Amino acid sequence: MILQNNNNKFYFATNDVIYELNQSNNHAKKYSATGKQISMFKIDKNGYVLYKETDDEYLIRKPSGGIVSISDKIDDFIYAFWMGTDDKFYVYALMDNEIYRVELNESDISVIKIATDIDFSFYIYNEYFFKQELNDAVLFIHKSNPADCFVFDEISQEVEILQSSLPNYENIINVSSSSEYFYIATDNNLYKFDLNLDYIQLLDEGKYKIHTMCADLDNNVIFSALQYPENKFVVGIVDSENNIKIIDTEIGERIMFLEFL
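Each residue of the sequence shown is one higher than the last, beginning at 235 in our numbering.
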């Protein structure tokens, strides 16, 4: 994972260290404590980093260099955390089913309990959901059971479990979003959703094995796939009107990463 903040600095993690890369001099410096494995991290626009170590310790690294334990401030088992649309960290505590918002400044880091009695541990565990921002709310889509997704509204501080018409997929490759839609790529198809969770299927069933996919802000989607029955590697583009253009790359091998410029 590579993340970027407002100061045009990039952050990346190895097994046990988060690094800050300054583009002005291409210098990478250690940004976290060392010695323990890091499983995931998030960063806000000002350079505060929230990360998890493998012993279930959750830490925040300040831009000035200090490190503060969030685990010490929440008397519960932290199950997941995410970055909200308001550029704040949110933490879900499992045993009491509570959501906390982390308030940050250089002199003090505090946590505020904003929601209680919310049991969505099945949906929210970091390894098993995709997050999609919806204005002032966050939509969480479960990877193996997307028909049961939920929305956390940061203004009302309420959680709504959605029993949607989303199909259940055997294997979700990834989720991407444009300005108006979000897209789910499975092993063999692409699905386009509006914010009411109404969706359409973009590809013919059984014609492709999808490898990767991404969308741009103008509602265009690009994907790479193995095309059947020709068994050739192709790149496909689906425009905003859902028209499909297939390009035979003639590369002869699987394409792993695609990005719009």
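The C-beta atom is built at its ideal place from N, Cα and C for all residues, glycine as well. The structure displayed is predicted, hence computed values, not measured ones.
If the five residues before and after Ile481 are omitted, its C-beta is found closer than 8 Å to the C-beta atoms of Val468, Val469, Gly470, Ile471, all from its own chain and listed in chain order.
When rounded, the separation of the alpha-carbon atoms in Asp450 and Phe386 is 24 Å. Of all alpha-carbon atoms in Ser298, Asn280, Ile308, the one lying nearest the alpha-carbon of Tyr292 is that of Ile308.
The segment 277 to 294 makes contact with the segment 324 to 344: 3 or more CB pairs, one atom from each, lie closer than 8 Å. As the crow flies, the alpha-carbon of Phe427 is around 30 Å from that of Asp351. The continuous beta strand (DSSP E) containing Ile406 extends over residues 406 to 411.
Between Leu431 and Val455, the gap from beta carbon to beta carbon reaches 8 Å or more. Under the three-state reduction of DSSP output, Asp473 falls in the coil class, being neither helix nor strand. The criterion of a C-beta distance shorter than 8 Å is not satisfied by Ala314 and Glu332.
Put simply, the backbone Cα of Ser410 is about 7 Å away from that of Met447.
For the 8 Å CB-CB criterion, Asp310 and Asp289 do not form a contact.
Taking the Cα of Ile395 as reference, the smallest distance to any Cα among Ile375, Glu414, Ile407, Ser412 is reached at Ile375. In this structure, the CA atom of Val251 is about 16 Å from the CA atom of Ser303. Here Tyr462 is exposed: its Cβ has fewer than 16 other Cβ atoms, across all protein chains shown, within 10 Å. Checking the DSSP bridge columns, you'll see Tyr433 partnered with Phe427. Under the DSSP assignment, Thr446 falls in the beta strand (DSSP E) whose first and last residues are 442 to 449. Per DSSP, the continuous beta strand (DSSP E) segment holding Thr420 begins and ends at 416 to 420.
A distance below 8 Å separates the beta carbons of Leu284 and Phe323. Assignment of beta-bridge partners to Met274 by DSSP yields Lys286. Rounded to the nearest whole angstrom, the C-alpha separation of His445 and Asp342 is 45 Å.
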